[in-house]
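What follows is a single structure, written as structure tokens, with notes after it.
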Amino acid sequence: MTAKKIVSQILLVLVAAGIGGAGAWYWLAKGAGHVHPAAEKGGTAEAKKQQYTCAMHPFVVSDKPGSCPICGMTLVPIRSDSAASTGSAGEKKDRKILFYRNPMNPGVTSPVPAKDNMGMDYVPVYEDEGSDGGTIRVDPNTVQSIGVRTTLVTTGELKKTIRTVGRVAYDESRITSVNSKVNGWIEKLHVDTTGQEVRKGEPLIDIYSPDLVSAQQEYLIASGHFGKVKDSPFPDVVKSARELLASARKRLDYWDIDDAQIKKLERTGEVRKTLTLYSPFHGVVVSKAAFDGARVMGGMELFRIADVSRIWVQADVYEYELPWVKQGAPATVTLDYLPGKKFHGTVTYVYPYLEGKTRTATARIELVNPGILLKPDMYAHVELHPRVKGRTVLIPSDAIIRSGIRNVVFIDRGEGRFQPREVSLGVEGEEGTVQVLSGLSGGERIVVSAQFLLDSESNLKEALKKFQGGAAGPPAAPAPAGQGKGR
């Protein structure tokens, strides 16, 4: 064998080995998933589009299975919107394609089908993907398996019952202080015990006052003088006598000497040694500082009398319930010592401050008190029945996803499509019903269970879109030269 033949045979062996090695590498790479499906002409369209992401880091996207380079978690397949729906070829054909996007470089797009430098197919971006604002698609089997339930948004009057406790108190507008306007000594007590019931006009106390005696004597002198000079031909004398009489009369008025007593004084000419104070209305003596023989100073409070025909109940209202409690709200009050007896009243005032220790505000309820059944400082059970006037949009509390920053509900768009929508909430009523101020209309269908799973899917999709520059809108950049050619 010549040297030339030996060299030829060696070259043939090397070529054969190279071809065999290339074939083995191709089939091994295919089995390991390193060859992109676009290189395999027999692959399905769904396989060509399959991508993988990290559940904890959605911005990590790969065209093949593997592990997250950040946390090491196994990458999960990204469900395409078209596959999450019915998946039929006819439905895909009906959807309008806006443009095509490079799967490895989302900023690169093309108006026509194309391949990148590695031979990977551009991924189509459909019109409904760009306009649904976070809409996700879930196949019917998954909807059933995760227990998605929906309900209609309703409109109506929102009601609520607030149950709390309260304390019976005097009506402050019906408490009167009885005091003396003269200096003197207590001559006689007509009412001598606290808690005693008194009627309007009933005498309370007799006070001896030297000043009062002097004032009566001055009035009698002024009255007699005026009677003598009233027919005088000198006008100045008549005027002076009249002014003196008026001054003496006014002094008696200031000391609560009524007209009947003054007329009696004029008629009889008898000076009274004592001044009698009378009850201004029907009520109960709640405090007494008067004792037989005690000295009395002008302005000193002798009695405090309260009218208990109407009473207050001071109800405690928690801070979060304050938006409900308004003036005019109906209220029902019950007491342990009167089982079955209900007192009905209304909220007349909500105090503009909170108790620091209990973090509660006070709502004042006014009640009629027949037979004085309600006694001050009694413990009471209170039910407030506020309502939102007019019709308002209502949804179940279970439908709301509260992130602390915003409130979101999922709208059922039909055919397995669910769209997140931010809503503005009002107050919460009975049976977990919540008022919606904006974001929803009556008749829309919303998800009331398993929405947290939908929220996770929606957040994943949103994160991917942000990473990829968003699915909607015009293409970010044209395909590089050589990548925009049709297939």
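Sequential numbering from 59 applies to the sequence shown in my numbering. Beta carbons: idealized from backbone N, C-alpha and C, even for Gly.
Minimum C-alpha distance to residue i - residue among the options
i, options, result
"residue 355", "268, 391, 327", "268"
"residue 445", "121, 357, 219", "219"
"residue 361", "256, 319, 202", "256"
"residue 351", "279, 250, 340, 131", "250"
"residue 583", "314, 283, 379", "With the chain covering 59 to 545 only, the question about residue 583 has no answer from this structure."
"residue 402", "494, 409, 428", "428"
"residue 487", "338, 366, 450", "450"
"residue 409", "415, 421, 260, 328", "421"
"residue 471", "221, 175, 122, 208", "208"
"residue 418", "463, 447, 378", "378"
"residue 474", "118, 124, 205", "205"
"residue 211", "452, 481, 128", "452"
"residue 503", "359, 489, 476", "476"
"residue 396", "366, 316, 431", "431"
"residue 391", "222, 128, 339", "222"
"residue 412", "423, 380, 259", "380"
Those residues which DSSP pairs with residue i across a bridge
i, result
"residue 439", "223, 392"
"residue 402", "390"
"residue 486", "492"
"residue 182", "158"
"residue 370", "227, 424"
"residue 362", "235, 345"
"residue 454", "491"
"residue 264", "246, 334"
"residue 469", "477, 504"
"residue 130", "Paired residues: none, contrary to the question."
Spatial distance of residue i from residue j (CA atoms)
i, j, result
"residue 158", "residue 217", "53 Å"
"residue 353", "residue 242", "6 Å"
"residue 307", "residue 332", "17 Å"
"residue 394", "residue 437", "8 Å"
"residue 126", "residue 134", "10 Å"
"residue 433", "residue 500", "48 Å"
"residue 406", "residue 270", "44 Å"
"residue 112", "residue 458", "27 Å"
"residue 345", "residue 325", "38 Å"
"residue 319", "residue 312", "13 Å"
"residue 130", "residue 136", "17 Å"
"residue 461", "residue 374", "30 Å"
"residue 160", "residue 175", "10 Å"
"residue 289", "residue 335", "38 Å"
"residue 534", "residue 155", "Unreliable positioning characterises residue 534 in this predicted model, as indicated by a pLDDT of 46, which lies under 50. A coordinate reading is not provided."
"residue 447", "residue 376", "22 Å"
"residue 238", "residue 272", "17 Å"
"residue 215", "residue 496", "16 Å"
Contact belief for residue i with residue j at Cβ below 8 Å, rounded distance in angstroms
i, j, result
"residue 224", "residue 371", "5 Å"
"residue 120", "residue 108", "That belief does not hold up - the Cβ atoms of residue 120 and residue 108 are roughly 10 Å apart, past 8 Å."
"residue 455", "residue 492", "5 Å"
"residue 389", "residue 440", "6 Å"
"residue 383", "residue 442", "6 Å"
Residue i classed as buried or exposed, judged by whether at least 16 other C-beta atoms fall within 10 angstroms
i, result
"residue 555", "Residue 555 is absent from the model: the chain starts at 59 and stops at 545."
"residue 170", "exposed"
"residue 277", "buried"
"residue 349", "exposed"
"residue 468", "buried"
"residue 199", "exposed"
"residue 102", "For residue 102, the predicted model reports a pLDDT of 46, less than 50, meaning its position is unreliable; a value from the coordinates is still stated below. With fewer than 16 other Cβ atoms within 10 Å, it is exposed."
"residue 478", "buried"
"residue 620", "Absent from the model: residue 620. The displayed extent of the chain is 59 to 545, so no value can be given."
"residue 498", "buried"
"residue 369", "buried"
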